[in-house]
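Peer 1: Following this message is one structure expressed as structure tokens.
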Ligand code: GLA
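Numbering (this note's numbering), first residue to last: 24 to 741.
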């Protein structure tokens, strides 16, 4: 018996999504590798029929795009809420299919529950070029009393294949994007974030895969919630064997109140499928970000090499030292100079002054003008650090407006890095922030804001005491947009103690992530690997830090630090004026090479390189025309063998002939190899793309914390 009378398919370039429905919320009956055109969707719907098993209900309740308790779905429902102050509590019900609005590459399904006075819209789009589906749910209150929502999931993802494992991305400060691979357990697994920012701890992304799936092969289905506030991920394996994933904003009690005639829309969830491993999955996400989310004010402008003052000078701002750093930055070829924390009134350490966005009169007696002009006179863009959502009790702003702080007045507030959080959903507060910072941007031609956010939210109550993280997140996006609208060439970096606010939600309003506060290249290489699952390299702020990392205590050679930073959006965050001549030459070389190669890294197809040696990892980018590639290989720990494993190079044009050579290698690689009579070590060699993919490269011996960059240039056809 066919279960469904109606079907609809959406196609990407290698993915198909098939929806089916009768009178209820549609179900995804297929989400996977592209199906042939003309396939009979009715038959697909027929073969989706499932047996009725013993001791079960007399009607199968499939997991719809929004599974409902009222239709017999006994797993985690898509909506948890009720109508307050009403004789129809509406805590459960049944949505009835009402309409469908087709778009060229998408559809909106509309459903009504007349008894509960609620309507629901489920929006689904599949970009045919990027192969990424974007889903969101909107719940409308069409009754005459408020609806209180505890949970509203974005459309639920039900994988077409039976995946057995999942990758999640957890972490902490200086150790973001740590990957954990686990079985999908029976029952319900929840990952929740209550920190008020995307968080270092629980990145809102998940990848389902099989035991054999790796970067280069095997099926996988990746998903990410574009949201920078609190979130919840529900992963559930039911007794039927079905797996569902729900993602949405985590709402504190009372936060999800929908007034009559109003609605609540979930953040978007981005879903992509790959039959060919995790690299192909990431390439789809990267493509989608580049095409649909990221909006650089000047689209083709190369990402400027940045010098940032933080790990060079910290709070110690002095005009002549800053100018010396600007000189050194210009000398090695930097293109942007970012004045980090320490520039505003009274800010000499992290105990005071957040909120007082006026140049410190002692350090900057004539304001920021002289420094900004000096930076610009050397041909660099000027950028400024701000942390606008925050306030210190020790500040003029707090003296005037203690009531602007998020909190619950009856209880003592808790500081984090000595600071409290402003209620930026209050228009008076966001106006103050805009009106104090905008003149600085205007008067000093500031091209870049490093927008920081250095603490978790605790007891985030607004003036009436209601929980306010959800609104705070929307207010953040609106405030960023206000700056971008007023200053159309401005770029914003999303920083929250490093990688604490990295997601597609904030990315629609920003242009770069400060990936992590760890500039320790050993830690950084792994963080960058995790980051690359969802984000392309041009977004990955990657700085060459000082010789000794202040966040880990580890010391590393300049060449290795430069190598690890070279494949992101590169910068330097160390005191160039105090470096040895030799190290400064390494910086200059790194900047020159990055400028030559950045178009390949920032527009090409990115591949993670993994080897049988857990400590030897790499990054590869192949240009769009397939005529060039760059590979960075990083030996993070003592190698497990004296001779490194061969490195296969995927993604090239199989019939093209390429010249392969070592572009640069860290100082110690030379020492590690008494002799290495391999052409790669002696000027390079030529080979076809096919052979490079199957045979691979032989590498010199590597010590721990060394590495090399390889260039691959097409020289002909076979
Ligand atoms: C945070 C940022 C750093 C730096 C400091 C300044 O920790 O992540 O990059 O800007 O604040 O206080």
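For every residue, glycine included, the Cβ atom is placed at its ideal position computed from N, Cα and C.
Could you name the residues of the same chain whose beta carbon sits closer than 6 angstroms to that of residue 259, not counting the 5 residues immediately before and after it, in chain order?
Peer 2: 98, 99, 211, 267
Peer 1: Which residues in the same chain as residue 289 place their Cβ atom closer than 6 angstroms to its Cβ, once the five residues preceding and following it in sequence are excluded?
Peer 2: 159, 160, 175, 177, 271
Peer 1: Tell me which residues share the same chain as residue 24 and place their Cβ nearer than 7 angstroms to its Cβ, disregarding the 5 neighbours each side in the sequence.
Peer 2: Because the pLDDT at residue 24 is just 42, under 50, the model does not fix this residue reliably, and the point stays unresolved.
Peer 1: According to DSSP, is residue 679 helix, strand or coil?
Peer 2: strand
Peer 1: Between residue 380 and the ligand GLA, is there a pair consisting of the residue's CB and a ligand heavy atom that are separated by less than 7 angstroms?
Peer 2: no
Peer 1: How many angstroms separate the CA atom of residue 109 from the CA atom of residue 102?
Peer 2: Going by the C-alpha atoms only, they are around 19 angstroms apart.
Peer 1: Taking only the alpha-carbon atoms, compute the straight-line gap between residue 515 and residue 406 and give it to the nearest angstrom.
Peer 2: 9 angstroms
Peer 1: I want to check one thing, is the minimum distance from the CB of residue 34 to the heavy atoms of the ligand GLA below 7 angstroms?
Peer 2: no
Peer 1: Please tell me whether, using a cut-off of 7 angstroms, the distance from the CB of residue 441 to the nearest non-hydrogen atom of the ligand GLA is below it.
Peer 2: no
Peer 1: Just the Cα atoms here: how many angstroms apart are residue 81 and residue 26?
Peer 2: 14 angstroms
Peer 1: For a quick check, are the C-beta atoms of residue 547 and residue 541 less than 8 angstroms apart?
Peer 2: yes
Peer 1: May I ask you to report which of helix, strand or coil DSSP gives residue 349?
Peer 2: helix
Peer 1: Between the Cα of residue 506 and the Cα atoms of 545, 494, 465, which residue gives the shortest distance?
Peer 2: 465
Peer 1: Any residue with its C-beta under 7 angstroms from a non-hydrogen atom of the ligand GLA counts. Can you list them all in chain order?
Peer 2: 333, 363, 364, 373, 408, 473, 475, 477, 518, 520, 521, 537, 540
Peer 1: What residue from 600, 660, 167 has the CA that sits closest to residue 8's CA?
Peer 2: Missing from the structure shown is residue 8; the chain here goes from 24 to 741 and no further.
Peer 1: In the structure shown, what three-state DSSP assignment does residue 44 receive?
Peer 2: Here residue 44 sits in strand by DSSP.
Peer 1: What three-state label does DSSP hand residue 24 in the structure shown?
Peer 2: With a pLDDT of only 42 at residue 24, under the threshold of 50, the placement of this residue in the model should not be trusted; the figure read from the coordinates follows. Looking at residue 24 - three-state DSSP - the assignment turns out to be coil, as it is neither helix nor strand.
Peer 1: Nearest by alpha-carbon distance to residue 443: which of 345, 373, 463, 389 is it?
Peer 2: The shortest C-alpha separation from residue 443 is found at 373.
Peer 1: Exposed or buried, what is residue 728 when buried is set at 16 or more other beta-carbons lying within 10 Å of its beta-carbon?
Peer 2: buried
Peer 1: Quick one: residues in its chain with C-beta nearer than 7 angstroms to the C-beta of residue 273, no 5 flanking neighbours on either side, listed in chain order?
Peer 2: 215, 216, 217, 253, 254, 255
Peer 1: Whole angstroms are fine: how far does the CA of residue 114 sit from the CA of residue 238?
Peer 2: 44 angstroms
Peer 1: Can you name the start and end residues of the beta strand (DSSP E) that residue 158 belongs to?
Peer 2: Segment 155 to 164, the beta strand (DSSP E) holding residue 158.
Peer 1: Three or more C-beta pairs closer than 8 angstroms, one from the region 678 to 689 and one from the region 704 to 716: is that the case here?
Peer 2: Contact between the region 678 to 689 and the region 704 to 716 is established, with three or more Cβ pairs separated by less than 8 angstroms.
Peer 1: For my contact list, residue 189 and residue 229 are in at a C-beta cut-off of 8 angstroms; report their separation, rounded to the angstrom.
Peer 2: 6 angstroms
Peer 1: Verify whether the separation of the beta carbon atoms of residue 88 and residue 138 is less than 8 angstroms.
Peer 2: no
Peer 1: Does at least one heavy atom of the ligand FMN sit under 7 angstroms from the Cβ of residue 523?
Peer 2: The ligand FMN is not part of the structure shown, which contains the ligand GLA as its ligands.
Peer 1: Rounded to a whole number of angstroms, what is the C-alpha to C-alpha distance between residue 536 and residue 95?
Peer 2: 44 angstroms
Peer 1: So who's on the other strand from residue 628, going by DSSP bridges?
Peer 2: 645
Peer 1: Here's the rule I'm using: 16 or more other beta-carbon atoms within 10 Å means buried, otherwise exposed. How should residue 613 be labelled?
Peer 2: The residue in question, residue 613, is buried, as its Cβ has 16 or more Cβ neighbours within 10 Å.
Peer 1: Can you tell me where the alpha helix (DSSP H) holding residue 441 begins and where it ends?
Peer 2: For residue 441, there is no enclosing alpha helix (DSSP H), since its DSSP letter is neither H nor E.
Peer 1: Check whether the Cβ atoms of residue 722 and residue 683 sit closer than 8 angstroms, and answer yes or no.
Peer 2: The answer is no: Cβ separation not under 8 angstroms.
Peer 1: From the DSSP output, in three-state form, read off residue 367 for me.
Peer 2: strand
Peer 1: Going by C-alpha to C-alpha distance, which of 314, 328, 608 sits closest to residue 566?
Peer 2: Out of 314, 328, 608, 328 has the C-alpha closest to the C-alpha of residue 566.
Peer 1: Pull up the distance between the alpha-carbon of residue 153 and that of residue 303, whole angstroms please.
Peer 2: 11 angstroms
Peer 1: Kindly indicate which three-state DSSP category residue 142 falls into: helix, strand or coil?
Peer 2: strand
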